[in-house]
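S.K.: Anchor point for the sequence shown: position 157 equals 264 in the numbering used here, and the numbering is continuous, going up by one each time.
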Amino acid sequence: MRENFSSPNNPPWLARWMDANGVALWGAADLDGFSTPPDPNGRPFAFAVSLVFPMNPQIMAGIQNGPNQAYADEYARVNQRINKISEQLAEKIVSTGYTAKPLAASVRSDPVHIRADFPHKTAATRAGLGWIGRHCQLITRSFGSWIRLGTVFTDMPLSCGPALEKSFCGTCMKCVRACPADALSGRTWHPGVGRDAILDAAACDNWKKKHFFAYHKGHNCGICSSVCPYSVKTLKNDRTAEFRRS
Ligand code: SF4
Ligand code: SF4
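1) Which residues have a Cβ closer than 5 Å to any heavy atom of ligand 2, listed in chain order?
2) Within 10 Å of its beta-carbon, does Asn163 have 16 or more other beta-carbons around it, so buried, or fewer, so exposed?
3) Please work out which residues of its chain come closer than 6 Å, Cβ to Cβ, to Phe350, disregarding the five sequence neighbours upstream and downstream, and give them in chain order.
4) Please indicate yes or no: does the CB of Ile330 lie closer than 7 Å to some heavy atom of ligand 1?
5) Rounded to whole angstroms, what is the Cα-Cα separation between His362 and Trp120?
6) Spatial neighbours of Ala200 within its chain, please: C-beta separation below 6 Å, excluding the five flanking residues on both sides.
7) Using a Cβ-based criterion (distance less than 7 Å to any ligand heavy atom), does Lys273 qualify as near ligand 1?
8) Assuming Gly240 contacts Cys286 (C-beta within less than 8 Å), just tell me the rounded distance between them.
9) Where does Lys273 sit, in a helix, a strand or coil, going by DSSP?
10) Taking a contact to mean a Cβ-Cβ separation below 8 Å, would you say Pro174 touches Cys328 in this structure?
11) Nearest to Asp307 by alpha carbon, out of Ser292, Leu342, Ala211?
12) Since Ile232 contacts Ala270 with CB under 8 Å, what's their CB separation in whole angstroms?
13) Give the C-beta separation of Leu196 and Val156 to the nearest angstrom, bearing in mind that I take them to be a contact with Cβ-Cβ under 8 Å.
14) Look up Lys208 in the DSSP assignment and give the residues it is bridged to.
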């Protein structure tokens, strides 16, 4: 079963397109007031479609002591799929007369501050798809945090959200304790709590480059995500096989 967090007021072709392309979970985000990459007129986009792509749970469960080649391959496979689907969705939106721009997966446009053009997870929380856990990643109810995200900005009017504005991590600290770089503060997320209050991105990045350089030049770790109970519980009811297209 696919999940559609999008309002029935959205263009009917959108849900059909997601179904036909095997997108597991998606929604529409109101980005009014956010600084997105610019549209062709140099203005921010008002909306985004947020896309969730599950990863193979068996592989994710196997990286509690650090990444391996299976995880690196899965990371590359899912990123390729995100980029392909995001580009195709943007083309489809443009064909209906609107502007659209896909946000590439895992591209750091600002390597100094270890940031992308826009956080995929911000669009996802605005679309109501999940919250940001103490490991600084999006957690969905269906797939936990064993996912990767895509984003397509657009000026196509969309009925959005409601945004998710609360963490459901409760008193759990498993990811914080598991992080070998001591990079997670344990702070609870809510809108307005920035990444730097939750994650020491430099400590995380340095650890990965020092210890896991063999995997995408130190882009992979995943230890914090591998222990998250919201993710681990998906092993019991693995619904991801039908979405693991290449
Ligand atoms: S990815 Fe690894 S180093 Fe970075 S916060 Fe998670 S566990 Fe720590
Ligand atoms: S491991 Fe626990 S604290 Fe960390 S993100 Fe998952 S639920 Fe939240």
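C-beta: ideal position from N, C-alpha, C; glycine also. Nothing here was measured: the structure is a model prediction, and the numbers come from that model.
M.R.: On the basis of the supplied data:
1) Chain-ordered list of matching residues: Gly240, Arg241, His242, Cys276, Cys279, Lys281, Cys282, Cys335.
2) Classification of Asn163: buried, given that the 10 Å Cβ count is 16 or more.
3) If the five residues before and after Phe350 are omitted, its C-beta is found closer than 6 Å to the C-beta atoms of Gly129, Ala131, Pro161, all from its own chain and listed in chain order.
4) Yes, Cβ of Ile330 sits closer than 7 Å to a heavy atom of ligand 1.
5) In this structure the chain extends from 108 to 353, so residue 362 is not present and cannot be described.
6) Reading off the sequence, residue 200 comes out as Ile, not Ala. Taken in chain order, the residues that qualify are Ala207, Thr261, Met263.
7) Checking every heavy atom of ligand 1 against the Cβ of Lys273, none is found closer than 7 Å.
8) Not really, about 12 Å apart at Cβ, beyond 8 Å.
9) For Lys273, the secondary structure class from DSSP, reduced to helix, strand or coil, is coil.
10) Remark: C-beta atoms of Pro174 and Cys328 approach each other more closely than 8 Å.
11) For Asp307, the closest alpha carbon among the candidates Ser292, Leu342, Ala211 is that of Ser292.
12) Note that residue 232 is Thr in the sequence shown, not Ile. Right, their Cβ atoms sit about 6 Å apart.
13) Contact holds; Cβ gap of about 7 Å.
14) Partner(s): Phe260.
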